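Taking it in order: structure first as structure tokens, then the write-up.
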Amino acid sequence: MFPHKTFGRIVDYFGVFDDAAKALSFDEESVKQVISNLSELRDQLPAAMRATLSHFYGVDRELEGFEGLEAAQNAINTDAKKDSFAKDFKHLSKLWESLSPDRILDLYTKDYRWLAQVFESVKSASDNIGKLLWLTLGAQTTQLIHENIQSGHSK
């Protein structure tokens with residue numbers, strides 16, 4: 013079904029698969045509930061994306077490398093702003109992980125990749141500065157960051 017997917021893992025951040033035994037036995041009601049829950053998560057995705065991007069109003073997301081990351085970091089230049097961004101990004105990343113590999117994610121991949129890069133760029137600085145606590149990111153998000161993060165080198 014997904015020929016280029018090299019690994020798979022069920023990640024249930026939102027409790028979509030609360031009753032795994034029923035779902036795995038393909039109980040009709042359980043399957044309907046999973047479909048309904050996934051539909052609700054899909055409906056939440058656009059608002060979660062808007063909320064996370066709202067921290068960077070006026071930032072040119074087309075800027076690449078150090079200049080682009082610096083502009084994003086300047087938009088969240090206080091502990092309160094970083095914490096607020098982190099909260100929104102963690103919610104968004106949980107939605108992303110729960111929905112992956114749903115095709116709806118294709119509509120948001122560019123923005124999500126950018127947000128993940130910003131998150132990664134401020135995460136390491138937060139170890140000694142500020143009160144920001146970062147949670148471990150899911151496998152899909154981590155893979156996306158590693159595949160696409162740039163360290164200031166042009167393409």
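Heads up: the sequence shown runs through residues 13 to 167, numbered per my numbering.
The C-beta atom is built at its ideal place from N, Cα and C for all residues, glycine as well.
Given the structure is predicted, the values throughout are model-derived calculations rather than measurements.
Which one of the options has the shortest CA to CA distance from residue i?
i           : options     : result
residue 108 : 91, 93, 127 : 127
residue 56  : 79, 105, 92 : 105
residue 82  : 91, 68, 103 : 68
residue 50  : 72, 88, 116 : 116
State the Cα-Cα distance for the pair residue i and residue j, rounded to the nearest angstrom.
i           : j           : result
residue 74  : residue 122 : 10 Å
residue 86  : residue 93  : 10 Å
residue 70  : residue 114 : 30 Å
residue 112 : residue 132 : 20 Å
residue 130 : residue 84  : 7 Å
residue 76  : residue 103 : 25 Å
residue 118 : residue 88  : 26 Å
residue 80  : residue 72  : 7 Å
residue 61  : residue 120 : 8 Å
residue 125 : residue 59  : 17 Å
residue 167 : residue 95  : Residue placement at residue 167 is flagged as unreliable, the pLDDT there being 43, under the threshold of 50; the coordinate-derived value follows with that caveat. Roughly 31 Å between the two C-alpha positions.
Please confirm whether residue i and residue j have their CB atoms less than 9 Å apart.
i           : j           : result
residue 65  : residue 110 : no
residue 63  : residue 91  : no
residue 134 : residue 78  : no
Practice item. Could you pull out every unbroken alpha helix (DSSP H) segment of at least 4 residues lying fully inside the segment 44-115, listed in chain order? Key: Counting only runs of 4 or more, we get 77-87, 91-111.
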